[in-house]
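Worksheet: the structure to be examined is printed underneath.
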Amino acid sequence: PQFGGEPFLVFPVQQRHDVPTTTAIAAVSVEKALELLVNFLFLATGLLISLLGQGEKGALTYG
80 PQFGGEPFLV FPVQQRHDVP TTTAIAAVSV EKALELLVNF LFLATGLLIS LLGQGEKGAL
140 TYG
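The numbers in our numbering rise by one with no breaks, and the one at position 5 of the sequence shown is 84.
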């Protein structure tokens, strides 16, 4: 995930949807938090699969 452009996302949300600044800031913040959560869960799932799913010869086994 990239950080740094969030303040510039507030203005288009504010203008296109005619919402107050605080609402636009909240919307951008929630969107970024959800993006981080999904990325973390994806990485954690991959880590669990790689650590716990190795068979005797290092190949992944299912079940």
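No residue lacks a Cβ here, since even glycine has one placed at the ideal position from N, Cα and C.
Check	Outcome
Stretch pair the segment 80-87 + the segment 103-119: three plus CB contacts closer than 8 Å	yes
Boundaries of the alpha helix (DSSP H) in which Pro99 is found, first to last residue	Per DSSP, Pro99 belongs to no alpha helix (DSSP H) and is neither H nor E.
Simplified DSSP assignment, three categories, for Gly125	helix
Coil, strand or helix - Phe82 by DSSP	coil
Spatial neighbours of Thr100 in its chain, beta-carbon cut-off 8 Å, leaving aside the 5 residues before and after	Val89, Gln93
Rounded separation between Val117 and Lys111 - CA only	10 Å
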